[in-house]
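Numbering (the numbering used here), first residue to last: 435 to 770.
Even for Gly, the Cβ is constructed at its ideal location relative to N, Cα and C.
Working notes for the structure below.
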């Protein structure tokens, strides 16, 4: 699986078909069992007979973009945004319009009066119809991927693809060696809410979950594992957090805490059934999210090494000890 390729596959929220198929085919070639929900999430599972529990490692599938809402007489297209950006954010950006069967038409976003519009080169409404452009066609940004000699990757969608890439690498290292079930994959429609997280979690039914989230870190340092200690949707399991920290330190890495307001798919995942110990593992971006993002490939090493070591150590007793327990009296029924 190639990160540059992953970053370029279009996958607007609700229209993740190409990326879904790419991942499914790759997981099949890897010998994994495919697990899908009905909203577009897809996972590859390594299963064992009579597994005592299941671990889920997830990232999001989708990306920001928009949808055509009006075909104008002058050949321009009005649109609505889907995801985290506003119309004005797309001004002067190159876009790739996807027709119903994902035939590509390229254009850019311009401003005419107070309106932000797509220009794909059509000069009239009739020409748009001849090209079979329809209301409901989607678009994503058209930004190429570039990997320089220092190992710095520049591309769109790094935040939306690097977790998929990393989870597959981890699966490749541990597949067939674990005494429990492991599922890795992508959740659909993450940028527009928790709907995909709900259906994917109901499909996987994890007993423990790790959520990969690429985010900017203010105190970036190399050879560091960043663990999220708080967001407004998830308070991480403290025992799992401490275990991951211990494993990372033993592997020779620093560990830093990270806090942010916005949540992740972990918002629902940790509430599955009677509760699943969940931690968000941060994939560090050095700069704030923008259309073009960058990451050093070496920055994935602390996560990959630490999570592989953790998965190899994890057993049923450790999982049981992660359940919430009353600390008062150390289990003495007579303690008050």
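| Check | Outcome |
| --- | --- |
| How many angstroms separate the CA atom of residue 688 from the CA atom of residue 666? | 25 Å |
| Under 8 Å by Cβ, that's how I've got residue 608 and residue 745 pegged, so tell me the actual separation to the nearest angstrom. | 5 Å |
| Which residue wins for smallest C-alpha separation from residue 722, given the options 499, 702, 694? | 694 |
| Excluding the 5 residues flanking residue 765 on each side, which residues of the same chain have their C-beta closer than 7 Å to its C-beta? | Caution applies to residue 765, whose pLDDT of 41 falls short of 50 and renders its modelled position unreliable; the model cannot decide the point. |
| Would you call the segment 496 to 505 in contact with the segment 647 to 666, where contact means no fewer than 3 C-beta pairs closer than 8 Å? | no |
| Pick from 446, 751, 755: whose alpha carbon is nearest that of residue 595? | 446 |
| Report the three-state DSSP secondary structure of residue 738 (helix, strand or coil). | helix |
| Would you mind reading off the limits of the alpha helix (DSSP H) that contains residue 470? | Not the alpha helix (DSSP H): residue 470 falls in the beta strand (DSSP E), residues 467 to 470. |
| Which residue wins for smallest C-alpha separation from residue 505, given the options 562, 578, 541? | 562 |
| Residue 579 to residue 457, Cα distance in whole Å? | 19 Å |
| For residue 703, is the classification buried or exposed, using 16 other Cβ atoms within 10 angstroms of its Cβ as the cut-off for buried? | buried |
| Excluding the 5 residues flanking residue 732 on each side, which residues of the same chain have their C-beta closer than 8 Å to its C-beta? | 585, 656 |
| Need the endpoints of the alpha helix (DSSP H) that residue 702 sits in, please. | 700 to 703 |
| Looking only at its own chain, which residues have a Cβ that is under 7 Å from the Cβ of residue 729, when we skip the five neighbours before and after it? | 587, 592, 596, 719 |
| Can you give me the Cβ contacts of residue 461 inside the same chain, cut-off strictly under 7 Å, excluding the 5 residues immediately before and after it? | 468, 478 |
| Is the Cβ-Cβ distance between residue 517 and residue 625 less than 7 Å? | yes |
| Between which residues of its own chain and residue 700 is the CB-CB distance below 6 Å, once the five residues before and five after are set aside? | 645, 668, 712, 714 |
| Whose CA, out of 574, 727, 696, 637, lies closest to the CA of residue 543? | 574 |
| Under the assumption that residue 631 contacts residue 621 (Cβ atoms under 8 Å), give the Cβ distance between them as a whole number of angstroms. | 5 Å |
| My output table needs one value for residue 674: the three-state DSSP class, helix, strand or coil. | helix |
| Which residues in the same chain have their Cβ closer than 7 Å to the Cβ of residue 671, if we skip the five residues on either side of it in sequence? | 711, 712, 713, 756 |
| Among the residues of its own chain, which have a CB less than 6 Å from the CB of residue 734, if the five just before and after it don't count? | 600 |
| For the alpha helix (DSSP H) containing residue 615, list its first residue and its last residue. | No alpha helix (DSSP H) holds residue 615; the beta strand (DSSP E) holding it covers 615 to 621. |
| Report buried or exposed for residue 537, applying the criterion of at least 16 other Cβ atoms within 10 angstroms of its Cβ. | exposed |
| Under 8 Å by Cβ, that's how I've got residue 540 and residue 528 pegged, so tell me the actual separation to the nearest angstrom. | 7 Å |
| Mark residue 696 as exposed unless 16 or more other C-beta atoms lie within 10 angstroms of its C-beta, in which case mark it buried. | exposed |
| Is it buried or exposed, residue 758, if we count other Cβ atoms within 10 angstroms and call 16 or more buried? | exposed |
| What distance in whole Å lies between the Cβ atoms of residue 559 and residue 511, which are believed to be in contact at a cut-off of 8 Å? | The Cβ separation is near 10 Å, so there is no contact. |
| Between the Cα of residue 739 and those of 567, 488, 679, spot the shortest distance and give me the residue it belongs to. | 679 |
| Could you give the distance in angstroms between the alpha-carbon of residue 523 and the alpha-carbon of residue 724? | 10 Å |
| Would you report the Cα separation of residue 569 and residue 503, rounded to the nearest angstrom? | 5 Å |
| The alpha helix (DSSP H) that contains residue 454, what's its start and end? | 451 to 463 |
| Going by DSSP, what residue range makes up the beta strand (DSSP E) through residue 729? | 727 to 730 |
| Does residue 634 pass the burial test, meaning 16 or more other C-beta atoms within 10 Å, or should it be called exposed? | buried |
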